[in-house]
Amino acid sequence: MQLPGLKVDVVPILFRVARGEKGLAKGMEELCATARRLIETEEVNVLILSDRGVTSDLAPIPALLAVAGLHHYLIREGLRTRVSLVLETGEAREVHHFSLLIGYGISVINPYLAFETIDDLIREGLLPNVDHQKACKNFVKGASKGVVKVASKMGISAIQSYRGAQVFEAVGLRQDVIDHYFTWTPSRVGGIGLDVIAQEVALRHHAAFGDRKANPHTLPAGGQFKWRDDGEFHLFNPESIHRLQKSVRTGSYATFKEYAKLVNDQSLHYCTLRSLLEFKPAEAIPLDQVESVEAIMKRFKTGAMSYGSISKEAHETLAIAMNRIGGRSNTGEGGEDARRFTADANGDLRRSKIKQVASGRFGVTPHYLVNADEIQIKMAQGAKPGE
Numbered sequence: 001m002q003l004p005g006l007k008v009d010v011v012p013i014l015f016r017v018a019r020g021e022k023g024l025a026k027g028m029e030e031l032c033a034t035a036r037r038l039i040e041t042e043e044v045n046v047l048i049l050s051d052r053g054v055t056s057d058l059a060p061i062p063a064l065l066a067v068a069g070l071h072h073y074l075i076r077e078g079l080r081t082r083v084s085l086v087l088e089t090g091e092a093r094e095v096h097h098f099s100l101l102i103g104y105g106i107s108v109i110n111p112y113l114a115f116e117t118i119d120d121l122i123r124e125g126l127l128p129n130v131d132h133q134k135a136c137k138n139f140v141k142g143a144s145k146g147v148v149k150v151a152s153k154m155g156i157s158a159i160q161s162y163r164g165a166q167v168f169e170a171v172g173l174r175q176d177v178i179d180h181y182f183t184w185t186p187s188r189v190g191g192i193g194l195d196v197i198a199q200e201v202a203l204r205h206h207a208a209f210g211d212r213k214a215n216p217h218t219l220p221a222g223g224q225f226k227w228r229d230d231g232e233f234h235l236f237n238p239e240s241i242h243r244l245q246k247s248v249r250t251g252s253y254a255t256f257k258e259y260a261k262l263v264n265d266q267s268l269h270y271c272t273l274r275s276l277l278e279f280k281p282a283e284a285i286p287l288d289q290v291e292s293v294e295a296i297m298k299r300f301k302t303g304a305m306s307y308g309s310i311s312k313e314a315h316e317t318l319a320i321a322m323n324r325i326g327g328r329s330n331t332g333e334g335g336e337d338a339r340r341f342t343a344d345a346n347g348d349l350r351r352s353k354i355k356q357v358a359s360g361r362f363g364v365t366p367h368y369l370v371n372a373d374e375i376q377i378k379m380a381q382g383a384k385p386g387e
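Using this note's numbering, the final residue of the sequence shown is 387, and nothing's skipped along the way.
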């Protein structure tokens, strides 16, 4: 990094784990103060945030908390444009981690523990016929493609536009944490504060530095993505899936009700936002004040799927179904066969009431347009602009 115009320094992102919430808050204050001093007095323009150096007393500040907290502190102090942030962390290891970190302002990530884990897999023979350089290159390639996919799904075409854009919504963080460290991030449900975040770090830290020196043991599987018997609870688990499959194969409504009870009764396992809610008793609305089914279905619409994206049969079946109930199907871009504008012998109509006009205007004619109840002008490709 000894290049003209670049001045680099390293700032540790560690805190005294025994001090809990106060220690974590103090660690964040020291991080921000150190960064300010290096930028203003040392004219450092590349700051490397590093969680190396973990000991029995020092635990890492969660990487996203450190990055977002410092990012917003520097914005408030008018210093953010004077420095690039680099992260050296053992925590980040998957696409969503990288996406969040970049979304909150990081420029470069060195996930050193992921690389060391790859080395260990090679040594144990679990990654045959691949060397360290090739394996790490594959990991970086996969992670990079994943980040680009996330950005493109958000309608962002360049990483430069994605960095610092924080196009996320927080689920489960208290508002004071949001305001101070994740400023301007939408958070509708509230949740945990800095105290619980510190407790979670302490639990992981204690697993590594326990009271007794013991032989190395296998880390718990966690089961966040794939169901594990001793891991996180999943709504769809071997028991619920077995009942669903059995009910379908045997046509047993009783078995299906058992499956539905397992999935619907979430009050036993707080695994979704819905499981935290209860019905609020209310007085029944008189039926004469409720719209009829027919009136409600007139507002039903299908999504815009182009003819080429599905099939003739599927496209026309959707149109017939929506016309039967009084709703509206959508042509998607690409026009519509004029033969669909007239009713079939049995009275069914395959005409889509919503017609799209896209930038290419394929299949768009005056005949097509006058056979529309609603016209959608497609001014941007919404699905995957980054690709």
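Every residue, glycine too, gets a C-beta built ideally from N, C-alpha and C.
Just so you know, these numbers come straight off a predicted model, no measurement behind them.
Of the other Cβ atoms in all chains shown, fewer than 16 fall within 10 Å of the Cβ of A314; this residue is therefore exposed.
Only residues of its own chain outside the window of five on either side were considered, and among them P12 and L14 have a CB closer than 7 Å to the CB of G53, listed in chain order. D57 is positioned such that its CB atom lies closer than 8 Å to that of A18. In terms of Cα proximity to K22, the closest of G193, A343 and S352 is G193. For R36 and I61, the gap between their C-alpha atoms comes out near 18 Å. L38 and A66 have their C-alpha atoms roughly 17 Å apart.
Each residue's CA atom was taken as its position, placing I320 and F362 some 23 Å apart. Distance from A59 to V201 at the Cβ level is roughly 5 Å; contact confirmed, criterion being Cβ atoms closer than 8 Å. In this structure, the beta-carbon distance from S187 to V150 does not fall below 8 Å. With respect to the C-alpha of H72, the residue from L203, E29 and H234 having the closest C-alpha is E29. Per DSSP, V150 has no beta-bridge partner at all. With contact defined as three or more Cβ pairs closer than 8 Å, the segment 76 to 95 and the segment 107 to 123 are in contact.
Residues R328, K353 and I354 of the same chain have their beta carbon placed closer than 7 Å to that of E374, with the five preceding and five following residues left out of the count. Less than 8 Å divides the Cβ of V95 from the Cβ of G146. Distance between V148 and Q160, taken at the CA atoms: about 11 Å. Counting of Cβ neighbours within 10 angstroms places R350 among the buried residues, the total reaching 16 or more.
Residues of the same chain with a CB within less than 7 Å of the CB of D119, apart from the 5 flanking positions on each side, are H132 in chain order. Beta-bridge pairing by DSSP links V10 to I48. In the displayed model, F15 falls within a strand according to three-state DSSP. Considered as a whole, the segment 32 to 78 harbours 63 to 76 as its complete alpha helix (DSSP H) runs of no fewer than 4 residues, in chain order.
A residue is called buried when at least 16 other Cβ atoms come within 10 angstroms of its Cβ; M379 does not meet this threshold and is exposed.
Per the Cβ contact rule, the segment 300 to 319 is in contact with the segment 328 to 337 (3 or more Cβ pairs under 8 Å). Between N371 and the set K7, R340, K301 and E232, the nearest pair of CA atoms involves R340. Scanning S292, V46, R299 and T342 for the CA closest to the CA of E316 turns up T342. Two segments are said to touch when three or more pairs of C-beta atoms, one from each, lie closer than 8 Å; by this definition the segment 222 to 232 does not touch the segment 251 to 268. Within its own chain, the residues whose Cβ lies closer than 7 Å to the Cβ of T302, once the five positions on either side in sequence are excluded, are L318, M322, S329 and N330, listed in chain order.
Residue environment analysis places H367 among the exposed positions, since fewer than 16 neighbouring C-beta atoms fall within 10 angstroms of its C-beta. In this structure, the CA atom of E169 is about 24 Å from the CA atom of L49. Annotation for S84: V46 and S107 place their beta carbon closer than 6 Å to its own, counting only its chain and skipping 5 residues before and after. Per DSSP, reduced to three states, the secondary structure at I375 is strand. Within the same chain, and ignoring the five residues on either side of S240 in sequence, the residues whose Cβ sits closer than 8 Å to its Cβ are Y259, L262 and V263. Taking a C-beta distance under 8 Å as the contact criterion, A68 and Y181 qualify as a contact pair.
Taking 8 Å as the cut-off, the beta carbon of I109 is found no closer than this to the beta carbon of L121. Looking at the backbone, the Cα of Q2 and that of V8 are separated by about 8 Å.
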